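With the sequence shown counted from 1, adding 1 to any position gets you UniProt numbering.
Each residue gets a CB set at the ideal place from its N, CA and C atoms; glycine is no exception.
Quick caveat: nothing in here was measured; it's all calculated off a predicted structure.
Structure first, commentary second.
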Amino acid sequence: ALVSAKEMIEKAHEGHYAVGAFNINNMEWIKSILAAAEEAKSPVMLGVSEGAGKYMAGFKNVVAMVREIHDSMGITVPVALHLDHGSFEGAKACIEAGFTSVMFDGSHYDFEENVAKSKEILELAHSKGISVECEVGGIGGEEDGVASMGELADPQECANIAALGVDFLAAGIGNIHGKYPADWQGLNFDRLAEIQASTNGKPLVLHGGSGIPADQVAKAISLGVSKINVNTELQLVFAAATRKYIEEGKDLAGKGYDPRKLLKPGADAITKKVIEMMNQFGSANKA
Ligand code: G3H
Ligand code: ZN
């Protein structure tokens, strides 16, 4: 069965490694990531954005697909199904639908409202054994082609949200979603250390996990990051492998146009990349 992410993230925090939360889009993503976790003997979180939830015909269908694929593949490693950057309504809907973990992202509200709404989601989710992630300080990224630099979360605000009993906390430390711009300043480790101290050692979440240099990832983990979100990286390797297959004309040879053949190189590329990242994050062989 799918599990809450509380235990796997606390273990990661104690063991100084991080669990990857990989965003899913469809059946190929689910199968590829679960296959990687099983092979790497790693705990894993499957992240679902609200947009991806809609694309997959709703949260209930996501739960049904993930449960069924998980069971039919005979997956033995811990797997959590997690709402990524959830709205207040979205988080409630996922709690109802059978997700085992939710993120309520109230970072765009003023702080009092973020606290009040986070509190309500925490009570509801925890009454059902579902883990909760909240966010303080927005995480920048590319929007309409304009890349904004990552915000730095306020350590006192992080302390206040952590004190509500959140299971793991997303806090901006200069990280951003999507590709990092050439003039990116890197992660702010001083701020990360301050946040880890102000929250009394709450497991922290690093969003925008695609394209951060390995030494910075390792340092972030050493300073309290226990969950790393990865989305763009898997889209890039899927697209590249699919493009190569088509450009080499392999879809024209034999039955290469069969969707099961056409999507296989991309799906295999996802599995390979996820295994690589599980080794990098240190979660391999921790299941
Ligand atoms: O919440 C999802 C992530 O933070 C993914 O960011 O697309 O830069 O890997 P990314
Ligand atoms: Zn994110």
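In the three-state DSSP reduction, M46 falls in the strand class (E or B).
N115 has its alpha-carbon roughly 19 Å from the corresponding atom of I174. By alpha-carbon distance to A219, the top candidate from S199, M278 and K273 is M278. Under the three-state reduction of DSSP output, V167 falls in the coil class, being neither helix nor strand.
Counting only heavy atoms of ligand 2, the residues whose C-beta sits closer than 6 Å to one of them are, along the chain, H86, I140, H178, H208 and N230. The shortest CA-to-CA distance from I31 to any of E11, V20, R68 and P44 is the one to R68.
Pairing V45 with V206, the inter-Cα distance amounts to about 14 Å.
If the five residues before and after A53 are omitted, its C-beta is found closer than 6 Å to the C-beta atoms of N26, all from its own chain and listed in chain order. Assigned with DSSP and collapsed to three states, E113 falls in helix. With a threshold of 7 Å, the Cβ atom of G48 counts as near ligand 1, since some heavy atom of the ligand is closer than that. When DSSP states are grouped into helix, strand and coil, S88 belongs to the coil group. Residue side-chain check: E134 keeps its Cβ at 7 Å or more from all non-hydrogen atoms of ligand 1. Distance from the C-beta of T200 to the nearest heavy atom of ligand 1 is not below 7 Å. E277 has its CB no nearer than 7 Å to any heavy atom of ligand 1. Relative to the Cα of A241, the nearest Cα in the group A183, G138, P266 and P204 belongs to P266. In the structure shown, E136 falls within a strand segment according to DSSP collapsed to helix, strand and coil. Shown here for E136: same chain residues with a beta carbon closer than 6 Å to its own, the five before and five after excluded, namely D106, S108 and A171 in chain order. Contact annotation: G141 and I177 have beta-carbon atoms nearer than 8 Å.
Ligand 1 has no heavy atom closer than 7 Å to the beta-carbon of S119.
Residue pairing from DSSP places K228 in a beta bridge opposite V20 and V206.
Here the C-alpha atom of S223 lies approximately 46 Å from the C-alpha atom of G250.
In this structure, the alpha-carbon of C159 lies about 12 Å from that of P204. Listed in chain order, the non-local C-beta contacts of G212 below 8 Å within the same chain comprise K180, Y181, T233 and E234, local neighbours out to five positions each way being set aside. I122 and V103 do touch by the CB rule: their CB atoms are close to 7 Å apart, below 8 Å. Inclusion of T233 in the 7 Å shell around ligand 1 follows from its C-beta lying nearer than that to a non-hydrogen atom of the ligand.
Contact between D168 and S132 holds: CB atoms are separated by about 4 Å, below the 8 Å threshold.
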